[in-house]
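There are 2 protein chains.
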Amino acid sequence: MEKNSISQHISHQFNEELEDVRNKVLAMGGLVEEQVVYSMESLVTGNVEQAELVISRDYQVNAMEVAIDEESVQILARRQPAAGDLRLLIAVIKTITDLERIGDQAERIGRMAIHLAEMERPKSQYTELANMGERVRTMLHGALDAFARMDAEAAVSVAQQDAKVDSEYDAIMRQMITFMMEDPRNVRRTLDIMWSARALERIGDHACNICEYVIYLVKGKDVRHTSLEQMEKEVRE
Amino acid sequence: MEKNSISQHISHQFNEELEDVRNKVLAMGGLVEEQVVYSMESLVTGNVEQAELVISRDYQVNAMEVAIDEESVQILARRQPAAGDLRLLIAVIKTITDLERIGDQAERIGRMAIHLAEMERPKSQYTELANMGERVRTMLHGALDAFARMDAEAAVSVAQQDAKVDSEYDAIMRQMITFMMEDPRNVRRTLDIMWSARALERIGDHACNICEYVIYLVKGKDVRHTSLEQMEKEVRE
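So the sequence lines, in the order shown, correspond to chains A and B. Per the numbering used here: the first sequence = residues 3 to 239. Per the numbering used here: the second sequence = residues 3 to 239.
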């Protein structure tokens, strides 16, 4: 009996450790999502202070990545988990890398926002970028939500949204090339918008990566580099 | 005695498994390095066939990532390694993610090479890009070499080269902006060169990431998001 109660105690502690790591990932995700929202707001409104806040907070994102990474490796070393628990920790280690890179992209958008705030601001050019930003933020939120609920089907439907992000990106690129050709004085401003669109497109890709880790975590199947149809099939099985 | 010989046998098998994973990472690294070299050659010479080869081989890089990832997680589950062996497997899982993304960038350069092959080719614009490509390839080679030899000092000196890559990147960007402003007909070609330079700059960053994993592996210290000076100090200690 006593041995049983000790092992129950250990397993209870272990579950708490895993829960703690999961919560920290979600907290990091929440901060990163806020960084994306703030960076886009600062870009669209020309709010330099907000852009500077995003840039100055990137170190928090980095610190969270390092702390969660260390905690996960320590749990791996101490608990030697198998099956689902091992997959959770591997998924965590990968997810935080993508979250950190989303943070880098938000910082990059913040820097563009500061450049762009000093220039002429034709509103029409920002509308489409703002729409793309909103779609990408929704994807990131959905990916984190799928991670929180360990919901593989939700992860697939988030990943499906990436095609729309890519087509919005292509449309913005075409539009910007036209602006540049029409008037060379547009070159610098237009390049900054292009780089921002590119950063958003990358954020969409990172959100998809997180969805793939959720599917790996729940289903034990590596769906990277497979088609969306294949991904759906694996999740339904 | 018998028990001892069994445990020696197991430990011998375990070492062989780790050695096998390490070798596979180096083989993947070799393929990725070749992809970078070929993509840059095709960009500079306008060789479309070579660019197509790079694009068609990217699936091999992806397949290697998935296979090595699976093998590493299986070893984690079965062997429950601690300390250095655990760090090796974590470093492997992270390194192959960066290698896969370097592969993606090489594929991207291959696509630019095909676009650019159809356009006018002012040689001067490719010289600096070719130089930057050579520097990035040297970094990647050095990072893989540091990984193979588990040489933390070599990893630091590779990471130090990234500042030169960044300044070459900035110089190419400034030059391209000038070209665009001089003649709007240059816009499309110049953008492709910019995207290629950007891809090279990213490859440099990924090579630096690999160096950081080597330092983590050898020294057990996470040097991400620290300065180069800090990195050097940690390695010397």
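Heads up, the beta-carbon is just placed ideally off N, CA and C, and yes, glycines get one too.
{"Check": "Same chain, Cβ closer than 7 Å to residue 91 of chain A, five either side skipped, listed in chain order", "Outcome": "74, 77, 78, 83"}
{"Check": "C-alpha gap between residue 236 of chain B and residue 156 of chain B, whole angstroms", "Outcome": "13 Å"}
{"Check": "Whole-angstrom distance between residue 134 of chain B and residue 169 of chain B, CA atom to CA atom", "Outcome": "10 Å"}
{"Check": "DSSP-derived helix/strand/coil call for residue 223 of chain B", "Outcome": "coil"}
{"Check": "From B/188, B/104, B/198, B/71, residue whose alpha carbon lies closest to that of residue 211 of chain B", "Outcome": "B/104"}
{"Check": "Beta carbon proximity, residue 201 of chain A to chain B, threshold 8 Å", "Outcome": "no"}
{"Check": "Neighbour flag for residue 23 of chain A against chain B, beta carbons, 8 Å", "Outcome": "no"}
{"Check": "Buried versus exposed, by CB contacts within 10 Å (16 or more), residue 65 of chain B", "Outcome": "exposed"}
{"Check": "Three-state class that DSSP yields for residue 232 of chain B in the structure shown", "Outcome": "helix"}
{"Check": "For residue 203 of chain B and residue 167 of chain B, the rounded distance between their alpha carbons", "Outcome": "7 Å"}
{"Check": "Inter-residue spacing [alpha-carbon to alpha-carbon] between residue 238 of chain B and residue 158 of chain B", "Outcome": "10 Å"}
{"Check": "Short CB-CB distance (under 8 Å) between residue 27 of chain A and chain B", "Outcome": "no"}
{"Check": "Collapsed DSSP secondary structure at residue 168 of chain B in the structure displayed", "Outcome": "helix"}
{"Check": "Environment of residue 86 of chain B [buried if 16+ CB atoms lie within 10 Å]", "Outcome": "exposed"}
{"Check": "Any chain A beta carbon closer than 8 Å to residue 39 of chain B", "Outcome": "no"}
{"Check": "Between the CA atoms of residue 111 of chain B and residue 141 of chain B - distance to the nearest angstrom", "Outcome": "18 Å"}
{"Check": "Distance between residue 153 of chain A and residue 217 of chain A (C-alpha atoms, nearest Å)", "Outcome": "8 Å"}
{"Check": "Best match in A/25, A/20, A/12 for proximity to residue 150 of chain A [C-alpha to C-alpha]", "Outcome": "A/25"}
{"Check": "The ligand SAM heavy atom lying under 7 Å from the CB of residue 64 of chain A", "Outcome": "The ligand SAM is not part of the structure shown, which contains no ligands of any sort."}
{"Check": "Anticipated Cβ contact below 8 Å, residue 102 of chain B with residue 67 of chain B, distance rounded", "Outcome": "4 Å"}
{"Check": "Beta-carbon contacts of residue 144 of chain A that lie in its chain and below 7 Å, excluding the five residues immediately before and after", "Outcome": "156, 160"}
{"Check": "CB contact below 8 Å: residue 183 of chain A versus chain B", "Outcome": "yes"}
{"Check": "Cβ of residue 79 of chain B within 8 Å of any chain A Cβ", "Outcome": "yes"}
{"Check": "Cross-chain neighbours of residue 75 of chain A in chain B, by beta carbon under 8 Å", "Outcome": "88, 89, 92"}
{"Check": "Minimum Cβ-Cβ distance from residue 226 of chain B to chain A less than 8 Å", "Outcome": "yes"}
{"Check": "Option in A/209, A/208, A/225, A/114 with minimal Cα separation from residue 198 of chain A", "Outcome": "A/114"}
{"Check": "Neighbouring residues, chain A, relative to residue 72 of chain B (Cβ below 8 Å)", "Outcome": "224"}
{"Check": "Start and end residues, alpha helix (DSSP H) containing residue 114 of chain B", "Outcome": "85 to 119"}
{"Check": "Cross-chain neighbours of residue 186 of chain B in chain A, by beta carbon under 7 Å", "Outcome": "182, 183, 186"}
{"Check": "Which of helix, strand or coil DSSP assigns to residue 122 of chain A", "Outcome": "coil"}
{"Check": "Assigned secondary structure, residue 152 of chain A (DSSP; H/G/I helix, E/B strand, else coil)", "Outcome": "coil"}
{"Check": "Nearest neighbour of residue 131 of chain A, chosen from A/214, A/47, A/213 [CA to CA]", "Outcome": "A/47"}
{"Check": "Unbroken alpha helix (DSSP H) run spanning residue 80 of chain A, endpoints", "Outcome": "50 to 81"}
{"Check": "Coil, strand or helix - residue 185 of chain B by DSSP", "Outcome": "coil"}
{"Check": "Cβ distance (whole Å) where residue 108 of chain A is taken to contact residue 41 of chain A below 8 Å", "Outcome": "4 Å"}
{"Check": "Cα-Cα separation, residue 233 of chain B to residue 8 of chain A", "Outcome": "43 Å"}
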